[in-house]
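Numbering (this note's numbering), first residue to last: 103 to 257.
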């Protein structure tokens, strides 16, 4: 799987929590999001934004609005970064859920992500796990050999 096809799959299955995602699909999307976030931070950093600040300095201590251009660039950076990560929250959750399921673990393991430090590290370890062979679950349709279509589809 290539980077462009992994990114296309990432957005195509935006909110699909069912199914599977392979290791390459996960790691290409992970790389894409890390690069996009870093590029966003670098761009605003070059424009003079304080990208390490945790607060948005639009107001001074006295409560008067600040006309400091660095403060408004920083505020714009924080707004842009927040919107970027908020827009990608659901697809990231869907991707890690599919990846954990593909590795043979219950989708409930994704809930570990809310535990600070240990949770995300555990999810990265699970995401790095090998895929398990897929087995038919009771009630799922019987797969047919490649190139053979069921009679109902031939008519």
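Backbone N, C-alpha and C define an ideal beta-carbon position, used for all residues, glycine too.
8 Å contact criterion, which residue i and residue j should meet: CB distance rounded
i	j	result
residue 176	residue 151	4 Å
Neighbourhood of residue i by C-beta distance below 7 Å, restricted to the same chain and skipping five residues each side
i	result
residue 127	103, 108 and 111
residue 179	146, 151 and 153
residue 203	122 and 209
residue 223	none
Distance between residue j and residue i (C-alpha atoms, nearest Å)
i	j	result
residue 194	residue 113	10 Å
residue 184	residue 233	33 Å
residue 207	residue 227	12 Å
residue 133	residue 105	9 Å
residue 149	residue 221	35 Å
residue 130	residue 215	20 Å
residue 217	residue 181	26 Å
residue 212	residue 219	14 Å
residue 115	residue 174	36 Å
Sequence-distant residues of its chain with Cβ nearer than 8 Å to residue i (five each side left out)
i	result
residue 135	190 and 194
residue 48	Look at the range of the chain in this structure, 103 to 257, and you will see that residue 48 is not part of it.
residue 230	125
residue 186	138, 139 and 142
residue 205	228, 229, 231, 232, 233 and 234
residue 144	none
residue 225	198, 202, 211, 212, 214 and 215
Check: residue i C-beta below 7 Å from any heavy atom of the ligand NAP
i	result
residue 127	Only the bare structure without any ligand can be found here, which leaves the ligand NAP out of the picture.
Where residue i falls: helix, strand or coil (DSSP)
i	result
residue 263	Because the chain is modelled from 103 through 257, residue 263 falls outside the range shown and cannot be assessed.
residue 182	helix
residue 176	helix
residue 154	coil
residue 242	Caution is warranted here: a pLDDT of 46 is assigned to residue 242, below 50, making its placement in the model unreliable, and the coordinate value is therefore given only provisionally. Coil.
residue 161	Confidence is the limiting factor: at residue 161 the pLDDT is only 43, short of 50, which leaves the residue's position unreliable and the question unanswerable from this model.
Beta-carbon contacts of residue i that lie in its chain and below 6 Å, excluding the five residues immediately before and after
i	result
residue 117	192 and 196
For a minimum of 4 consecutive residues, which ranges assigned as the alpha helix (DSSP H) are wholly contained in the stretch 103-142?
105-114
Contiguous alpha helix (DSSP H) assignments of at least 4 residues, all confined to the stretch 191-232:
191-204 and 220-230
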